[in-house]
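S.K.: Pasting a structure below so you can have a look.
Residue numbers (the UniProt record's numbering): 1 to 135.
Now the structure itself:
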């Protein structure tokens, strides 16, 4: 039963670590997207020679849409970062729980071994005493 509990906790830890890794990958993708969006915004900000009034209007609309997309992107990146940090914290807590259970199980086994050794010594002592009194 104890080993099952340890195994179950270890599986939960593995799951948390996988989720944390997936979130870190998502965060990296979002950071890359944000960088591309910022580059696009910078390109739009540069004045273009021979740009018509319609072209300027289109650029303004594109810039406005890009700003909206960038704002959404930043919120997603912030949420992904917070989620990754939360899962990192949860995985550390879970790792501590698993380690604690493993240590408790190790202590329990050591105590059982000590008791068994003590019983063996007591049996040997009784045997020696019984042989000594028989002689």
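Ideal Cβ positions, reconstructed from N, Cα and C, are used throughout, including at glycine.
1) By a C-beta neighbour count over all protein chains shown, 10 Å radius and 16 as the cutoff for buried, is residue 80 buried or exposed?
2) Closest to residue 76 by C-alpha separation, out of 4, 131, 133 and 30, would be which residue?
3) Any idea what DSSP makes of residue 46, helix, strand or coil?
4) Rounded to whole angstroms, what is the Cα-Cα separation between residue 4 and residue 102?
5) Anyone know if the C-beta pair for residue 66 and residue 36 falls short of 8 angstroms?
6) Can you list, in chain order, the residues of its chain whose CB lies under 6 angstroms from that of residue 70, leaving out five sequence neighbours each side?
7) When you compare only the Cα positions, how much space is there between residue 130 and residue 120?
8) Pick out whichever of 113, 9 and 74 has its Cα sitting closest to the Cα of residue 33.
9) Applying the 10 Å Cβ sphere with the 16-neighbour rule, what's the burial state of residue 126?
M.R.: From the atom records:
1) For the purposes of this step, residue 80 is identified with residue 80 of the chain shown, where counting begins at 1. Classification of residue 80: buried, given that the 10 Å Cβ count is 16 or more.
2) Residue mapping note: residue 76 aligns to position 76 of the chain shown, counting from 1. Nearest option by C-alpha distance: 30.
3) Along the chain shown, read from residue 1 onward, the residue named residue 46 stands at position 46. Residue 46: coil per DSSP, three-state reduction.
4) Position 4 of the chain shown, counting from 1, holds the residue named residue 4. Position 102 of the chain shown, counting from 1, holds the residue named residue 102. Their backbone Cα atoms lie some 11 angstroms apart in a straight line.
5) Position 66 of the chain shown holds residue 66. Position 36 of the chain shown holds residue 36. For residue 66 and residue 36, no; Cβs fall outside 8 angstroms.
6) The residue given as residue 70 occupies position 70 in the chain shown. Hits under 6 angstroms: 37.
7) Position 130 of the chain shown, counted from the first residue, corresponds to residue 130. Position 120 of the chain shown, counted from the first residue, corresponds to residue 120. Residue 130 and residue 120: Cα-Cα distance of roughly 15 angstroms.
8) In the chain shown, residue 33 corresponds to position 33, counting from 1. The shortest C-alpha separation from residue 33 is found at 74.
9) Taking the chain shown and counting its residues from 1, the one referred to as residue 126 is at position 126. That one is exposed.
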